[in-house]
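> Encoded as structure tokens, here's the structure I'll be asking about.
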Amino acid sequence: MNDNLVKQSLRLGISVLITCAIAQHFDRINFVWYPVLAVIFVVDDQDENTLRAARGRILGTVTGGLVVFLVHTLLSGWIGILISLLITVPLLRRLGWSSGLSTAVVITVMFLGIHDYTLLDWNYVLNRSIDTLVGICVALVISHLLWPKDRLKRMEELHELLMATLNQRMFQHMQALQGLTPMPAPLNPVSLTRNILEIQRLMNIEQQLGPRRRDQLTRLRWNQRISLWRSLQSHWILIERLLDSLSGKYQPLRLPELAQQLDPNHVIGWNRLQLHDQNQLHPIGLAQQILLEEECTRFLRLVSSQRRLNRILIQGTHR
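Take any residue in the sequence shown, count from 1 to its spot, add 178: that is its number in the numbering used here.
Shown next as structure tokens:
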């Protein structure tokens with residue numbers, strides 16, 4: 179079973195249980211539908227969606243309830259629903275509360291479309307707002323306490339995974355180009371691309387959560403890191419395919435200069451890679467040699483920049 183699905187189910191079940199217990203304790207079981215409904219709508223696997231849903235739920239409840247209550251003193255039925263929506267929808271959009279539109283529409287239809295609701299007074303709006311707020315608070319507290327999301331930690335984990343994969347592939351190619359082992363299996367670019375896109379997605383979420391989160395991203399150099407990974411990705415995949423093609427065409431493929439540069443313990447400089455023809459049995463063509471030199475030079479410089487940035491960040495954390 180999916181681990182996230184289990185966590186989400188437990189988070190939702192515990193939130194509903196606590197909400198019902200609060201309603202029972204304060205003798206508001208007649209209104210328990212509203213906080214439970216708020217919990218169901220608000221609880222989400224992503225905490226940023228939980229906060230957004232909570233904000234929309236309470237704003238939609240308050241705004242829709244107030245507008246509908248004022249309108250129903252003059253109009254009722256479908257005409258009242260139409261007039262209320264003509265006021266509520268532009269008002270929410272004008273205030274930047276578009277996330278509360280669905281809640282406001284539901285309240286409008288319920289209040290003016292069902293006869294018993296039209297007989298209610300200000301206490302209905304107040305009670306519904308209070309009960310909805312209780313459900314939202316329970317959902318937010320449980321979401322914060324049970325398996326809270328740590329996007330920065332996840333980004334670091336993905337970054338370390340990419341670095342480990344990069345160093346492993348470089349080591350495997352180094353050994354193969356020295357004739358110690360056969361060429362490694364072709365790289366699967368899907369996992370590489372997925373991890374880079376996941377880092378970018380998490381960054382986008384963090385940037386939307388306020389200036390403090392954006393300052394953290396800047397301090398941890400995530401803009402530079404993801405930019406380097408995007409550049410590395412294309413050169414990495416191209417070199418992997420180029421080496422696979424050459425190893426299939428020229429056997430055995432021996433390139434000691436490139437093998438030395440691919441050594442994870444080797445300090446990569448800024449000089450352009452120069453390959454000498456060491457493959458005496460099957461010499462590499464000039465065009466292919468130039469292409470390999472150019473791409474490997476760019477690739478190795480990007481790797482050097484990424485490693486240097488990692489060292490700077492490590493030194494900064496130890497100060």
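For glycine and all other residues, C-beta sits at the position ideal for the given N, C-alpha and C.
Could you have a look at residue 327 and say whether DSSP puts it in helix, strand or coil?
Note: residue 327 maps to coil in three-state DSSP.
> With burial defined as no fewer than 16 other Cβ atoms inside 10 Å of the residue's Cβ, what is the status of residue 396: buried or exposed?
Flag for residue 396 reads exposed.
> Looking at the structure shown, is residue 205 part of a helix, part of a strand, or coil, going by DSSP?
coil
> Taking the straight line between their C-alpha atoms, what separation do you get for residue 368 and residue 425?
22 Å
> Please return the same chain residues whose Cβ sits closer than 7 Å to the Cβ of residue 336, not counting the five positions on each side in sequence.
Spatial neighbours of residue 336 in its own chain (CB-CB distance under 7 Å, excluding positions within 5 residues in sequence) are listed in chain order as 373, 376 and 377.
> I'd like to know whether the C-beta atoms of residue 406 and residue 280 end up nearer to each other than 9 Å.
no
> In terms of residue numbering, what span does the alpha helix (DSSP H) encompassing residue 382 cover?
367-385
> Could you give the DSSP three-state label for residue 333: helix, strand or coil?
Helix, per DSSP.
> Indicate the three-state DSSP secondary structure (helix, strand or coil) for residue 444 in the structure shown.
coil
> Can you check which of these residues, 331, 339, 431 and 276, is closest to residue 360 by C-alpha distance?
431
> I need the DSSP call for residue 363, collapsed to helix, strand or coil.
coil
> Just to confirm my understanding: we take residue 315, look at its own chain, exclude 5 residues before and 5 after, and list those with CB closer than 6 Å. What are they?
none
> If you measure between the beta carbons of residue 213 and residue 328, is that distance less than 9 Å?
no
> Just to confirm, are residue 469 and residue 421 a CB contact at a threshold of 9 Å?
Not in contact: residue 469 and residue 421 (Cβ atoms no closer than 9 Å).
> Which class does residue 417 belong to by DSSP, given the choice of helix, strand or coil?
helix
> Enumerate in chain order the residues of its own chain whose CB-to-CB distance from residue 478 is below 6 Å, with the five nearest sequence positions on each side excluded.
439 and 446
> Hey, how far is the Cα of residue 191 from the Cα of residue 319?
The alpha-carbon atoms of residue 191 and residue 319 are separated by roughly 13 Å.
> Compute the distance between the beta-carbons of residue 317 and residue 437, then report whether it is under 9 Å.
no
> Terminal residues of the continuous alpha helix (DSSP H) containing residue 256?
255-272
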